[in-house]
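Scroll down for the structure; my scribbles are underneath it.
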Amino acid sequence: MIEIRAVSHRIAGTPILHDITTRLPEGRLTALIGPNGAGKSTLLRLIGRLEPLQAGRIRVAGHDIATTPTDRLAQVMAVLGQQTLIASRLRLAELVAFGRWPHHKGRPTAADRAHVAEAIRTFALDPLADRFMDELSGGQAQRAHIAMAFAQDTEWLLLDEPLNNLDMSHARALMARLRALVDRQGRSVAVVLHEVNYAAAWADHIIALKDGSILAEGAPDAVLTEELLSRLYDAPIAMGRHQGRPLVLHHA
Amino acid sequence: MRILPALSLALIALMLASLTIGAAQVDLRMLRQDPLAMLVLVESRLPRMLAVALTGAALSVAGVLIQALVRNRFVGPDTSGTAEGAALGLLAITIWAPASPLWLRMVVASLAAMAATALFLAVIRRLPAREVMLVPIAGIILSGVVGSVVTFVAWQHDLMQFVGTWLGSGEFSGAIAGRYELLWIAGGAAVLAWLAADRFAILGLGDSVATGLGLSVDAVMRLGLLAVSVVTAMVVTTVGMLPFVGLVVPNLVARLMGDNLRQTLPVVALAGAVLVLACDLVARVVVAPYELPAGLILGVLGAGLFLWLLHRRPAHG
């Protein structure tokens, strides 16, 4: 479980998050949704200790992120921020292999190599394994980074807008893979999603943020209502159903 | 392509050439019968060969480190204020405590180099990340500013000839036994960097990735800063700063082999030693029996290589 207690955050004086207190349940796929600037990425980055915590407390699987050594946290959670342009000339397989670094600190074992090979296979990156990262497309690089986080093989996996740059089939494949991680391996996943229908189709638990506060949280059927989504996005939204899951209709 | 064996062979050949070429005749096969040749070899040729190889190797590794710290390929320890910082430190201790022991001068030079490089890092943190070319420009400007302070202070105190040996193009004719050994410290700093190669490779992937993998970004930054500053300070003190080595060699190796530093750093070190040994040999041969500073040859060759790199890879930074 991830416990967030009284977390507030400011960036350059502007308040981004106000007094957030919530829980991300264990063994579930949690989606963070909300309009641009709602603070969902900031909240995920705070949990993943990519930003220093200014106020409040966060505990990940019992580890207080403010006091636990960062290398210990890397064995408990893998976190992937949004990708920025990196000029590093690593081969794809070398990048994914660094996902095992928190476990072996430079002395990879056969088990580490097996994890890396599996992560590369899972994301269908075998044909690209020897390519340099700066020779890949945006979507391929994105998948490589996700494979690295997978290879880290931690109890918690945190992904900030992982569907960026991915086409429909790769986006669907990633969500299915996250689902399998939760259902078959009992892992816990938290993911910031821009497109609310991916949350509707795949998530167990949804946290809806607006203007730095939690507007609603709970199961998809409870959160994804016409009234609440219209309020969340300040736009008229209709709801339908598809294969027993909510379907958000925002085409006006 | 077998880069490592080819470079090793080139290194051995250049080392032998470096030992045998010069004003005095040294025949490696006749050493036992020739005490004078032995003296020349042990007191002059061998120290010079080692000084050149250590300088080339250590400066190239320092180049990789500074490029990983700033995540930009177009900087080197000669364009990040580091060398000028070391010179400023040496100047300060020469003026205020001229009788201080050598170790203290080295510590002061290293600390000053570190301060100047830290200033460079602080400056570029404020630059927009997408403007790849602003980083080297900022480095060149900072080097110029610190360098002009050095020149001004040295001029005031009539110490310009020292500044010439520190920051003028590197020159190895003074590297004899007893006057080059500090460079082993530079070599040691490079080895230390290699032991932490994975950390620097991960740092090059950005703060978020590095933090996510459990790396303390600040600690790795400090380690890199220390290694770059110590290497540069030792080189500045003993032979004077060499241009382009720390910029060109890491780029050439990254083009061919990538940035998996655990594998590439030994190649970078070898290639740096080979390049500077070759330049030093040329400098000793072209106007024999006189010689040119090796840095002069490097300046010409390095500028050409750098232009080629810029031309070949305009977009990737």
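First to last, the sequence lines map onto chains A and B. In case it helps, this note's numbering puts the first sequence at residues 1 to 252. In case it helps, this note's numbering puts the second sequence at residues 1001 to 1317. C-beta: ideal position from N, C-alpha, C; glycine also.
Can you tell me the Cα-Cα spacing of B/Gly1317 and A/Pro52, whole angstroms? In the second sequence, residue 1317 of chain B corresponds to position 317, counting from 1. In the first sequence, residue 52 of chain A corresponds to position 52, counting from 1. For B/Gly1317, the pLDDT reaches just 39, beneath the cut-off of 50, and the residue's location in the model is therefore unreliable, although a value from the coordinates is still provided. Taking the straight line from one Cα to the other gives about 29 Å.
Do you know how far the Cα of A/Ser41 is from the Cα of A/His9? On the first sequence, residue 9 of chain A is found 9 positions in, with the first residue counted as 1. On the first sequence, residue 41 of chain A is found 41 positions in, with the first residue counted as 1. Their backbone Cα atoms lie some 12 Å apart in a straight line.
On the three-state DSSP scale, how would you describe A/Arg143? By 1-based counting over the first sequence, the position of residue 143 of chain A is 143. In the structure shown, A/Arg143 sits in a helix (DSSP, three-state: H, G or I).
I need the boundaries of the alpha helix (DSSP H) containing A/Phe40, first residue and last residue. Position 40 of the first sequence, counted from the first residue, corresponds to residue 40 of chain A. Rather than Phe, the amino acid found at residue 40 of chain A in this sequence is Lys. Element bounds for A/Lys40: Lys40 to Ile47.
With a threshold of 9 Å between beta-carbons, can B/Ser1208 be considered close to chain A, or not? The residue you call residue 1208 of chain B lines up with position 208 of the second sequence. Yes, contact with chain A.
If we call anything under 9 Å between Cβ atoms a contact, is A/Glu155 one with A/Thr22? Taking the first residue of the first sequence as 1, we reach residue 155 of chain A at position 155. Taking the first residue of the first sequence as 1, we reach residue 22 of chain A at position 22. Result no, Cβ atoms of A/Glu155 and A/Thr22 do not sit closer than 9 Å.
Indicate whether B/Val1249 and B/Ser1060 have their beta-carbon atoms separated by less than 9 Å. Position 249 of the second sequence, counted from the first residue, corresponds to residue 1249 of chain B. Position 60 of the second sequence, counted from the first residue, corresponds to residue 1060 of chain B. The answer is yes: Cβ separation under 9 Å.
Excluding the five sequence neighbours on either side, which residues of its own chain have a C-beta within less than 8 Å of the C-beta of A/Val182, listed in chain order? Your numbering for residue 182 of chain A matches position 182 in the first sequence. Answer for A/Val182: Gly27, Arg28, Leu29, Ser188, Val189 and Asp204, listed in chain order.
Beta strand (DSSP E) runs wholly inside the stretch 206 to 244 of chain A, at least 3 long, in chain order: 213 to 218 and 238 to 242
Which residues does DSSP pair with A/Leu249 in a beta bridge? Residue 249 of chain A sits at position 249 when you count from the first residue of the first sequence. Beta-bridge pairing links A/Leu249 to A/Ala238.
Determine the contact status of A/Asp211 and A/Gly81, defining contact as a CB-CB distance below 9 Å. Here residue 211 of chain A corresponds to residue number 211 of the first sequence, with the count starting at 1. Here residue 81 of chain A corresponds to residue number 81 of the first sequence, with the count starting at 1. Not a contact, by the Cβ cut-off of 9 Å.
Does A/Gly37 get closer than 9 Å to chain B when you measure Cβ to Cβ? Taking the first sequence and counting its residues from 1, the one referred to as residue 37 of chain A is at position 37. Closer than 9 Å: no.
Can you check whether the CB of B/Pro1047 is closer than 9 Å to the CB of B/Ala1189? Locating residue 1189 of chain B in the second sequence gives position 189, counting from the first residue. Locating residue 1047 of chain B in the second sequence gives position 47, counting from the first residue. It is not a contact, given that the beta carbons lie outside the stated cut-off.
Could you name the residues of chain A that B/Ile1124 contacts, counting a contact when the two beta carbons are closer than 7 Å? Indexing the second sequence from 1 puts residue 1124 of chain B at position 124. Within 7 Å Cβ-Cβ: nothing; B/Ile1124 doesn't reach chain A, min ~14 Å.
With distances taken from CA atoms, which of B/Ser1008, B/Thr1151 and B/Ala1294 is nearest B/Leu1242? Taking the second sequence and counting its residues from 1, one reaches residue 1242 of chain B at position 242. Among B/Ser1008, B/Thr1151 and B/Ala1294, the Cα nearest to that of B/Leu1242 is on B/Ala1294.
One question on the structure: do B/Ala1186 and B/Val1235 come within less than 9 Å of each other, judged by their Cβ atoms? Locating residue 1186 of chain B in the second sequence gives position 186, where the first residue counts as 1. Locating residue 1235 of chain B in the second sequence gives position 235, where the first residue counts as 1. Yes. Within cutoff.
Leaving out five residues on either side along the sequence, give the residues of the same chain with a beta carbon under 6 Å from the beta carbon of A/Tyr233. Taking the first residue of the first sequence as position 1, residue 233 of chain A is located at position 233. Pro35, listed in sequence order.
Residue closest to B/Ala1219, alpha-carbon to alpha-carbon, out of B/Gly1212, B/Ser1208 and B/Arg1199: Your numbering for residue 1219 of chain B matches position 219 in the second sequence. Among B/Gly1212, B/Ser1208 and B/Arg1199, the Cα nearest to that of B/Ala1219 is on B/Arg1199.
If we count the other Cβ atoms within 10 Å of its Cβ and call it buried at 16 or more, is B/Met1030 buried or exposed? Taking the first residue of the second sequence as 1, we reach residue 1030 of chain B at position 30. Per the 10 Å Cβ criterion, exposed.
Look up B/Leu1090 in the DSSP assignment and give the residues it is bridged to. Counted from its first residue, the second sequence places residue 1090 of chain B at position 90. None; B/Leu1090 has no bridge partner.
Which of the residues in the stretch 113 to 140 of chain A, read from start to end, lie with their CB under 8 Å from any CB of chain B? Phe132 and Asp134
Name the DSSP beta bridge partners of B/Ser1216, please? Your numbering for residue 1216 of chain B matches position 216 in the second sequence. Note: B/Ser1216 sits in no beta bridge, so no partner.
For B/Gly1063, the nearest candidate out of B/Glu1171, B/Leu1226, B/Ile1095 and B/Leu1019 (CA to CA): Taking the first residue of the second sequence as 1, we reach residue 1063 of chain B at position 63. Checking every option, the nearest Cα to that of B/Gly1063 belongs to B/Leu1226.
Should B/Leu1183 and B/Thr1232 be called a contact, given that it needs their Cβ atoms to be closer than 9 Å? For this step, residue 1183 of chain B is matched to residue 183 along the second sequence. For this step, residue 1232 of chain B is matched to residue 232 along the second sequence. Result no, Cβ atoms of B/Leu1183 and B/Thr1232 do not sit closer than 9 Å.
Would B/Arg1105 and B/Ile1095 qualify as a contact pair, given that the criterion is a beta-carbon distance under 9 Å? Locating residue 1105 of chain B in the second sequence gives position 105, where the first residue counts as 1. Locating residue 1095 of chain B in the second sequence gives position 95, where the first residue counts as 1. Not closer than 9 Å, so no.
Would DSSP call A/Leu159 helix, strand or coil? Counting from 1 along the first sequence, the entry for residue 159 of chain A is found at position 159. Three-state result, A/Leu159: strand.
Rounded to a whole number of angstroms, what is the C-alpha to C-alpha distance between B/Val1150 and B/Ala1087? The residue you call residue 1150 of chain B lines up with position 150 of the second sequence. The residue you call residue 1087 of chain B lines up with position 87 of the second sequence. Roughly 7 Å between the two C-alpha positions.
With DSSP run on the structure shown, which of helix, strand or coil describes A/Arg131? The count along the first sequence starts at 1 and reaches residue 131 of chain A at position 131. In the structure shown, A/Arg131 sits in coil (DSSP, three-state: anything other than H, G, I, E or B).
Tell me whether B/Pro1035 is buried or exposed, calling it buried when 16 or more other Cβ atoms sit within 10 Å of its Cβ. By 1-based counting over the second sequence, the position of residue 1035 of chain B is 35. B/Pro1035 comes out exposed.
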